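Counting from 1 along the sequence shown, just add 44 to a position and that's the residue number in the working numbering. We put the CB at the ideal spot given by N, CA and C, even for glycine. Values in this document were obtained by computation on a predicted structure and should not be read as measured data.
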Amino acid sequence: MQFSQQALLPKNTSKQYDTPLITGVRNYIDGNYLQMHTPGHIKGKGLDDEFKTFLGQNTLDFDLVGIPPLDYLRHPTGIIHEAQKLAAEAFGADYTLFSVQGTSSANVVMIMSICNPGDKIIVPRNVHASIVSGLILSGAIPIFISPEIDSIYGVCHGISLENIKKALEEHPDTKGVCIINPTYYGVVTDLQAIIKYVHSKGIPVIVDEAQGSHVHFHKELPISAMEAGADIASSSMHKMGGSFTQTSIINVREGLINLDRVKENFSLITTTSASYILMASIDAARKQLAINGEQLLNRAITLSRTARNAINQIYGLSCLKPEDLGGTSSSFALDETKLCINVTKWGVTGREVENFLRNDYRIEVELSDVNNILFIITIGHDEFDIEQLVQALSSLASRFKDGSILVDLERIAKSKGAIRALTLPALAMTPREAYFSKVKYVDLNETIGRVAAESVLVTPPGIPVLLPGEVITKDITDYLNYCIDLGLSVQSSNGLHAIKVIDDK
């Protein structure tokens with residue numbers, strides 16, 4: 045595995061057994077206080093009986109709100125502060141903040157913490173929509189870099205050090221560099237080399253590590269953002285770290301990043317009514333990763349390798365392997381817990397395979413696109429899960445092979461034609477300027493040459509095909525129409541066929 049690291053255990057592992065947030069809330073619950081404050085259901089007594097029974101009393105008791113004994117997420121000094129200190133130690137950061145609004149809000153905080161209105165920031169073009177939100181709110185000017193496109197799987201990889209160098213030479217007044225690592229499909233770039241070079245210019249690096257909350261805790265996984273020297277990184281704990289949905293963390297290294305500004309921006313957009321259930325799940329997940337992460341991830345890696353080897357023996361399927369990335373660029377490697385499976389030889393799209401798996405085999409994918417389906421192997425999976433997955437894929441392959449499901453050769457040709465890099469659109473104005481301009485809705489096929497005033501996404505993974513301020517090209521409208529025809533989830537503010545554009549009148 046390229047770009048791997050040492051097994052990173054906290055300096056004082058014994059402290060990682062503590063769960064100050066969980067313990068503090070449980071002690072408060074045991075005090076049996078009369079709650080004359082929100083939440084209004086008051087330990088479930090005001091909740092619908094059926095829902096109350098389903099959730100259970102412990103969950104309802106845990107649903108509390110910020111009060112002095114329980115600390116405040118926006119300005120923590122008590123049990124939340126102590127839990128965040130342990131997380132910082134576990135992840136090798138100087139400071140960690142808990143987010144109960146996902147990595148989407150964390151990404152906004154990161155952008156706003158390094159960019160003022162008019163500042164330039166280098167950004168991969170395959171960023172998540174939340175990075176675009178950060179550009180709009182900060183007023184930053186994005187300098188987009190196109191990622192490489194895999195010629196077989198048709199997915200975006202990372203950006204290389206060479207492209208970073210070129211962008212910084214052309215824009216020496218850049219105030220920050222944003223890196224996605226790993227990508228949704230598990231591809232990683234040479235993060236350490238990029239950070240070293242960017243730091244030599246005195247410029248901070250932010251890392252969208254949404255898909256990599258686990259990588260810090262096993263030596264055979266790619267290097268983590270903090271270990272590589274990133275200045276600030278967001279990490280979706282709920283994706284691979286074991287916490288509840290909607291939970292994330294922001295890891296900060298002081299120096300090129302002003303911690304006070306990070307905290308101020310965090311307070312600016314964070315709820316004043318943070319869920320203690322969600323925050324407690326981060327506390328629990330951090331403990332498990334710090335204490336048992338290497339053992340649990342060792343099992344996940346072993347399971348993923350077993351699955352990958354078996355899937356690559358199945359008729360018509362190709363599962364992305366670490367060695368496949370050597371042909372694309374030596375700058376890339378793979379997080380093996382992600383299984384990206386190309387299905388084009390079956391003559392169907394990834395979305396159609398997703399539907400077959402859901403309806404016929406009761407298996408849910410992480411995502412599907414035109415060419416692929418993606419599975420993640422986590423610390424929660426076991427051998428039976430892998431057997432069930434491989435058996436389902438083998439059964440489905442047999443149905444394609446024997447003609448039970450007809451193979452569409454024309455569809456195969458179309459899918460292969462879709463594996464291409466979209467022409468990078470020209471940026472006519474900043475995302476913020478476009479967002480706040482006078483706009484109108486125009487039919488998709490009549491937008492060529494117009495300036496977009498919104499993001500248009502194909503989800504998952506939520507990577508914008510079109511961004512506010514970009515000039516719409518025929519290449520883009522053709523691609524969006526293609527995705528719509530295939531039944532993929534194309535999202536815009538007014539439905540599939542109308543796009544919000546700048547009103548020139």
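Practice item. Could you check the C-alpha separation between S174 and V152 for me, to the nearest Å? Key: 6 Å
Exercise for review: Pair every Cβ in the stretch 135 to 143 with every Cβ in the stretch 287 to 305, then say whether three or more of these pairs are closer than 8 Å.
Suggested key: yes
**Study point:** Beta-carbon gap between N302 and T227 smaller than 9 Å
**Key:** Contact: no.
Point to revise | Distance CB(T291)-CB(G146) smaller than 9 Å | key: yes
Check your understanding: Given that a residue counts as buried once 16 or more other Cβ atoms are within 10 Å of its Cβ, and exposed if not, what is T467?
Key -> exposed
Check your understanding: CB-CB under 6 Å to A277, same chain, minus the five flanking residues each way: which ones, in chain order?
Key -> V251, E253, A269 and N295
Review point. Along the chain, where does the alpha helix (DSSP H) that runs through I208 open and close?
Key: L205 to E214
Review point. At which residues does the beta strand (DSSP E) containing V486 begin and terminate?
Key: V483 to D487
Check your understanding: Who are C200's beta bridge partners in DSSP?
Key -> Answer by DSSP bridge pairing, in chain order: I193.
Check your understanding: From I358 to E477, what distance separates their C-alpha atoms?
Key -> 50 Å
Check your understanding: What's the gap between the Cα of G461 and the Cα of A274?
Key -> Because G461 carries a pLDDT of 48, less than 50, the predicted location of this residue cannot be relied on, and no value is offered for it.
Exercise for review: With a 10 Å radius around its C-beta and 16 neighbouring C-beta atoms as the bar for buried, classify Q339 as buried or exposed.
Suggested key: exposed
Check your understanding: Going by other Cβ atoms of all chains shown within 10 Å of its Cβ, with 16 needed for buried, is H262 buried or exposed?
Key -> Buried, since its Cβ has 16 or more Cβ neighbours within 10 Å.
Practice item. Look up I385 in the DSSP assignment and give the residues it is bridged to. Key: Residue pairing of I385 in beta bridges, as defined by DSSP: C363 and I417.
Review point. S278 lies in the beta strand (DSSP E); which residues open and close that run?
Key: I276 to S279
Point to revise | When E213, L65 and A436 are compared against P120, the one with the closest alpha-carbon | key: When only C-alpha atoms are compared, the closest one is L65.
Point to revise | Cβ pair D92, S319 closer than 9 Å | key: no
Exercise for review: Assign M281 to buried or exposed, taking buried as 16 or more other Cβ atoms, counted over all protein chains shown, within 10 Å of its Cβ.
Suggested key: buried
Point to revise | Integer-rounded CB distance, given that A496 should sit under 8 Å from I543 | key: 6 Å
Review point. Counting Cβ pairs closer than 8 Å, one from the stretch 218 to 225 and one from the stretch 119 to 134, do we hit at least three?
Key: A contact is defined here as three or more CB-CB pairs under 8 Å, and the stretch 218 to 225 fails this definition with respect to the stretch 119 to 134.
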